[in-house]
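Each protein sequence line maps, in turn, to chains A and B. Numbering-wise (my numbering), the first sequence opens with residue 62 and increments by one. Numbering-wise (my numbering), the second sequence opens with residue 62 and increments by one. Just so it is clear, CB atoms sit at the ideal spot from N, CA and C, and this is done for glycine as well.
Number of protein chains: 2
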Amino acid sequence: METIEEENDITVLRRPTEYRPPLSWRTWLIGRPLPTADAPHQTIGKAIGLAVFAADALSSIAYAPQETLVILAAAGTAGFAYAFPIALTVTVLLAIVTISYQQTVHAYPGGGGAYIVARDNLGEVAAQTAGAALLTDYILLAAVAVSSGVAQIVSAYPALFPYRVPLAVGLVLFTMLANLRGVKESGAAFAIPTYFFLAMTFLTVGVGFFRYLTGTLGTVVDPPPLEIGAAVQPVTLFLILRAFSNGTTALTGVECISNGVTAFKEPRSRNAGITMIWMSAILGVLFLGITFLLGQIGALPSEEETVISQLARTAYGPPLPLPIGGARGGLYLATIAGTTIILILATNTAFADFPRLGAIIGADGFLPRQLAYRGSRLVFSRGIAALALIAALLIVIFRASVTALVPLWAIGVFLSFTLSQAGMAHRWWKVGHLAPGQEVQERGSTLRYEPGWTLKMVVNGFGAICTAVVTLVFAVTKFRDGAWIVLLLMPALVAGFFAIHRHYRDLAVHLSLEHYGTPPHIARHRVILPISGVHRGTLAALRYARQLSDDVTAVHVSMDPAAAESLRRKWEVWGEGIRLVILDSPYRLLLEPLLEYIEEIAAQRQPNETITIVVPQFVPRRWWHNLLHAQEALWLRLALLFKPGIVVTDVPYQVE
Amino acid sequence: METIEEENDITVLRRPTEYRPPLSWRTWLIGRPLPTADAPHQTIGKAIGLAVFAADALSSIAYAPQETLVILAAAGTAGFAYAFPIALTVTVLLAIVTISYQQTVHAYPGGGGAYIVARDNLGEVAAQTAGAALLTDYILLAAVAVSSGVAQIVSAYPALFPYRVPLAVGLVLFTMLANLRGVKESGAAFAIPTYFFLAMTFLTVGVGFFRYLTGTLGTVVDPPPLEIGAAVQPVTLFLILRAFSNGTTALTGVECISNGVTAFKEPRSRNAGITMIWMSAILGVLFLGITFLLGQIGALPSEEETVISQLARTAYGPPLPLPIGGARGGLYLATIAGTTIILILATNTAFADFPRLGAIIGADGFLPRQLAYRGSRLVFSRGIAALALIAALLIVIFRASVTALVPLWAIGVFLSFTLSQAGMAHRWWKVGHLAPGQEVQERGSTLRYEPGWTLKMVVNGFGAICTAVVTLVFAVTKFRDGAWIVLLLMPALVAGFFAIHRHYRDLAVHLSLEHYGTPPHIARHRVILPISGVHRGTLAALRYARQLSDDVTAVHVSMDPAAAESLRRKWEVWGEGIRLVILDSPYRLLLEPLLEYIEEIAAQRQPNETITIVVPQFVPRRWWHNLLHAQEALWLRLALLFKPGIVVTDVPYQVE
């Protein structure tokens with residue numbers, strides 16, 4: 062249905078495109094392209110919300126207790142006694158962060174990730190720092206969650222141990238494809254596995270405690286070999302702080318809900334807040350319970366078997382009979398399966414949030430704008446692909462080892478916590494200095510005076526200070542383990558973001574039509590026609606060139622005097638009297654003498670003069686025929702492409 | 062020094078290019094570019110000629126005896142008794158081929174390779190078959206000679222055994238670089254190593270015979286383990302024929318001199334002929350002598366130590382004292398060094414002849430014409446690079462094993478022998494049917510009546526029959542070892558050559574100006590201007606488009622109605638009244654709707670109508686800025702590049 066409008070002296074023709082993308086291998090892989098109008102919007106309740114947003118946070122109990130023990134193992138089994146006190150401290154920190162984020166959820170009903178809160182309250186540098194921290198955080202979440210998932214699989218099926226890296230990379234690619242296709246973050250797809258995981262984990266912890274209280278728990282049979290260094294170290298404060306740093310990976314993902322407030326049913330802030338409290342409570346209980354039981358059964362951290370696997374097979378072990386219990390019976394396998402699946406869901410969270418944040422930062426002009434374009438399935442395909450690529454690379458480099466990846470991770474998480482809470486504290490200060498009834502609209506939320514602003518500022522401020530201290534503890538204690546990479550990378554990323562932003566800003570200024578007068582009239586049009594021979598293709602280009610201007614020069618680069626002489630004689634017949642320049646090329650180079658000549662002409666150009674290079678472009682019947690030609694026209698065009706002030710015109714000629 | 066000529070109403074400006082290629086990493090690697098005028102021409106005498114042309118043929122004694130023994134080893138040490146009789150037969154064949162080629166050298170004083178002889182006498186199919194056979198022959202020569210050279214090195218230094226493949230690939234790349242730089246095929250560079258090799262080999266054989274006659278030769282101390290299959294096979298005719306096939310690799314390279322007759326001093330045919338006889342005599346003596354001695358010392362063929370190494374350390378072994386003799390003393394090392402160097406010279410022969418033949422076939426239009434272009438150092442760089450690439454690939458695939466490579470090789474060699482000799486026989490028949498005094502000029506030589514033509518025809522005919530029989534023996538006995546690859550590849554290559562030729566011929570017909578009238582006048586010029594926004598760049602392109610024609614249409618693909626509306630309002634101000642088409646793109650595709658629109662316009666095109674797409678091309682200040690833009694202009698140009706009837710014009714706009 063075309064519409065033609067005549068308005069203010071111009072004709073505007075609007076028409077819908079009938080073009081439907083054809084079926085291709087991409088259709089098979091990621092599904093039919095979706096029209097823009099298909100973008101879905103639906104809201105979810107608390108129970109589903111818990112499932113959708115908690116996978117990231119809850120999955121951390123699969124690795125946080127293990128990574129705490131890994132560090133303590135350096136002090137031998139004596140070190141393990143410190144695991145439970147450390148877990149208690151981590152849980153306290155979890156409570157502080159949760160309370161602090163409660164206020165964010167209510168203040169930003171439109172979604173308040175660290176990037177948005179920092180942008181509104183702390184300025185661009187803080188916002189881009191939070192952006193860089195979050196992006197690296199999501200990459201590492203994907204790498205760690207997949208690696209931990211593979212570690213669970215390998216615990217149950219030790220024969221797969223040598224294939225950890227390909228398994229993990231395969232899972233990343235699978236998740237990438239699922240997300241390119243577009244995963245609906247709602248409904249049964251998330252609820253069933255999450256609640257299955259919760260049921261199995263609570264059962265395992267419950268059975269463990271029951272047997273502990275009845276004195277029948279025992280210790281791990283055939284524990285994996287303990288991987289410790291040459292000598293057993295003493296228990297130092299530094300060691301305990303390192304173990305604590307690893308334990309805080311339990312907090313990763315807690316902030317997730319604050320990003321996704323809009324996904325909840327109304328009253329959405331309230332629903333999101335309650336869901337967050339539930340999530341933190343479950344996480345805290347499981348983290349403490351598992352850490353306690355691990356100490357009782359004497360579990361040993363190892364790349365070969367996860368402590369979750371050791372706990373499950375001890376809790377469900379004899380005298381419980383097979384196939385339900387027993388060393389590796391049904392309940393054991395169900396626990397491992399649940400843990401693996403929640404870890405893959407956590408990976409999926411990274412694939413949902415990384416491209417979304419990339420699109421926001423891209424739209425703000427601090428990352429390539431292409432990240433904000435939606436792909437054929439309405440998802441941010443470029444961000445998804447970038448995440449998969451970098452995460453797979455990390456997995457390959459760090460051999461899918463959670464222990465190797467963790468030191469890179471938590472700094473970014475806690476840095477974004479700190480920035481987010483500090484931003485919130487500043488927001489309350491601003492709120493407190495508004496007149497009652499006054500409203501200030503910021504990009505992410507609306508400021509209104511609230512009476513209890515001092516307490517709220519103190520709560521968020523305390524959260525910011527706690528997480529800032531933890532960030533510092535990380536930077537110092539994990540520096541040598543890999544945190545230095547992040548400490549170098551973060552400023553580089555932020556600098557890069559600003560360099561990108563500068564480019565977009567400059568470009569906008571230069572392209573702006575403000576204060577732009579009428580462009581000068583083109584007074585002279587010089588046309589240069591490079592020819593390699595005189596044939597029908599050349600003559601078609603000549604005809605086109607003469608139509609452009611009366612000032613046409615044909616140029617031939619000569620490597621062979623005899624060929625040049627023959628060309629010159631033909632030109633006398635067919636050249637229509639057009640001037641011919643023959644450039645001798647003693648080094649048998651074609652492009653360079655031609656470019657030199659063109660540059661010489663361009664150097665004498667007047668401001669109101671245009672130079673056009675008319676390039677005869679041979680179009681063969683079959684693609685492989687291109688290999689039989691030196692493609693000088695193509696190289697010439699590439700060489701001239703980015704040359705200012707020169708217009709390049711391709712005149713095709715084809716063999717029928 | 063520019064010259065301007067006015068002649069027949071056209072102005073021709075000739076000027077030398079002052080452009081000198083700048084120094085770059087290529088200069089460092091392969092040397093300064095050479096001007097065309099520097100092409101050298103010099104002739105050589107018999108002694109130097111032997112050195113230059115014999116490396117290929119003589120080097121074959123490094124592997125031909127060994128590869129004979131490898132096959133016989135399947136029958137256990139009992140099989141080795143057949144080695145000497147086989148060597149005698151090979152030597153008889155060598156004599157037949159040498160006599161046959163004598164006549165070629167005299168008949169083609171301008172150089173008579175198998176390709177040229179077949180082209181003149183047997184037609185294009187035979188010529189292209191010979192061409193394909195020779196090209197594969199050169200590739201395998203390079204692979205085999207380098208692999209055998211590495212096998213010699215490894216024999217002397219067994220610690221290098223695991224590094225055979227990288228060593229061999231490294232040598233190929235080294236030879237490639239030397240040839241890209243341009244090796245002078247003359248003088249001391251060839252003569253010294255060749256004569257050093259001959260001196261050392263004659264000394265080894267001489268000492269061996271002296272000790273054999275005095276009864277002090279003994280057998281190989283610590284021979285390498287014999288690599289035989291599960292069960293010892295009986296000696297069958299098939300086995301002997303297979304061993305014979307391998308032995309005939311001694312004949313490779315014999316035809317070399319017939320290619321290079323022009324390199325000799327006058328009387329060049331005579332000089333070349335005498336040199337060839339010397340070469341064959343030396344080759345025959347050494348081949349027989351070495352094979353005989355190998356039988357006496359009980360040498361065992363092995364990938365770990367070559368039989369040449371076993372012979373040298375036995376001949377020079379105790380009681381000769383170190384450092385001169387002894388197990389691995391000076392004379393042993395000198396023999397291995399000489400053998401290795403001659404093998405590398407043989408590789409160099411492949412690098413000299415493959416590009417030259419590729420250039421001849423390319424100039425004939427049966428291979429891409431680019432092969433006939435000389436590179437910056439006046440050599441056929443593309444052919445050299447292609448040879449290195451394929452040879453390196455073969456070495457990697459066949460793990461630098463001479464035994465694995467040999468079955469692929471000799472078929473091509475003997476096929477080209479057969480075609481060359483059969484061509485010669487036909488030539489004598491043509492000569493015999495000329496009237497005395499009559500002269501016929503062919504492309505490669507001149508035909509004149511000669512009285513003794515019947516005998517000459519019989520000699521070449523006999524040579525052709527012998528080599529044809531050997532080719533057949535190869536095809537049957539080596540079929541399963543790898544000859545099937547060559548038997549499949551050869552017809553495919555010939556078919557490919559003819560497909561290429563057909564393309565060039567058709568193109569020439571279509572581009573020809575014969576029967577070509579004046580092209581129709583351009584009556585209508587439609588200009589389409591795709592725009593993504595209204596800014597200074599768009600307006601520069603608009604200005605250019607309006608200069609081309611009054612029939613300009615601006616086209617915008619809209620993914621976002623709000624953006625389209627904003628563009629439309631800007632166009633009302635800045636669009637100079639030009640018609641604007643807005644294409645809705647529900648699938649957020651940019652290129653496809655635009656291409657669909659352009660194709661629709663093109664479909665309505667009249668014969669005397671031209672369509673030009675004016676593409677605004679953003680030129681950023683720094684290269685990495687390109688990554689920050691979606692490069693729609695670039696993709697559009699690529700999509701339109703090969704579309705017939707549509708002229709594409711890039712109008713650059715740059716940010717200063």
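Within chain B, no residue has its beta carbon less than 8 Å from that of Ser627/A; the closest one is some 13 Å off. Following the DSSP letters along the chain, one finds Gln482/A inside the alpha helix (DSSP H) bounded by residues 463-493. Per DSSP, Val501/B is not a residue of any alpha helix (DSSP H); the beta strand (DSSP E) it occupies stretches across 500-502. For Ser120/B, the enclosing alpha helix (DSSP H) covers residues 107-120.
Between His617/B and the set Arg604/B, Val642/B, Ala606/B, the nearest pair of CA atoms involves Val642/B. Within its own chain, the residues whose Cβ lies closer than 6 Å to the Cβ of Arg75/B, once the five positions on either side in sequence are excluded, are Thr64, listed in chain order. Your pair Thr309/A and Leu154/A checks out as a contact, with CB atoms roughly 7 Å apart and the cut at 8 Å. Put simply, the backbone Cα of Gln678/B is about 10 Å away from that of Val708/A.
Contact between the region 429-446 of chain A and the region 113-129 of chain A is absent, with fewer than three C-beta pairs closer than 8 Å.
Ile385/A carries a coil assignment under DSSP once its states are collapsed to helix, strand and coil. DSSP places Val296/A in no alpha helix (DSSP H); its state is neither H nor E. Those residues of the region 408-431 of chain A placed with their C-beta closer than 8 Å to a C-beta in chain B are Pro429, Arg430, Gln431, ordered along the chain. Within a 10 Å sphere around the beta-carbon of Asp414/A sit 16 or more other beta-carbons, which makes this residue buried.
About 59 Å separates the beta carbon of Thr336/B from that of Tyr605/A, a gap too long to meet the 8 Å contact definition. The residue among Val555/A, Ala449/A, Leu264/A, Val113/A with its C-alpha nearest the C-alpha of Gly473/A is Val555/A. In chain order, Pro705 make up the part of chain B whose C-beta sits under 7 Å from the C-beta of Gln715/A. For Val368/A, the enclosing alpha helix (DSSP H) covers residues 368-376. For Met337/B, no CB of chain A lies under 9 Å from its own CB, so it is not counted at the interface with that chain. Identification of chain A residues near Val708/B by a Cβ-Cβ cut-off of 8 Å yields Tyr605, Thr710, Asp711, Val712, Pro713, ordered along the chain. At a cut-off of 9 Å between beta carbons, Ile405/B makes no contact with chain A.
Only buried fits Leu232/A, as 16 or more other CB atoms lie within 10 angstroms of its CB.
A Cβ-Cβ contact shorter than 9 Å links Phe305/B with Thr129/B.
Chain-order list of chain A residues neighbouring Ser216/B: empty, with the shortest C-beta distance near 37 Å, by a criterion of under 9 Å.
Residue-level contact check: Ser593/A does not touch chain B, since none of the beta carbons of chain B fall below 9 Å from its beta carbon. With fewer than 16 other beta carbons inside 10 angstroms of its own, Ser85/B counts as exposed. Put simply, the region 596-613 of chain A does not touch the region 643-654 of chain A. Fewer than three CB pairs are less than 8 Å apart. Contact annotation: Ser341/A and Ala118/A have beta-carbon atoms nearer than 9 Å. If you compare the alpha carbons of Arg180/B, Leu149/B, Phe145/B, Glu575/B with that of Ser506/B, the shortest gap goes to Arg180/B.
Chain-ordered, the chain B residues with CB closer than 7 Å to the CB of Leu688/A read Pro429. Residue-level contact check: Leu74/B touches chain A, since one or more beta carbons of chain A fall below 9 Å from its beta carbon. For His562/A and Ile351/A, the gap between their C-alpha atoms comes out near 47 Å.
Between the alpha carbons of Thr408/B and Leu278/B lies a gap of roughly 33 Å.
A distance of 9 Å or more separates the beta carbons of Val178/B and Met551/B. The region 357-377 of chain B and the region 128-144 of chain B touch, with three or more beta-carbon pairs separated by less than 8 Å. Taking 8 Å as the Cβ-Cβ cut-off, the region 164-176 of chain B has no residue approaching chain A. A Cβ-Cβ distance of about 7 Å is found for the pair Leu466/B and Leu455/B, placing them in contact under the 8 Å criterion.
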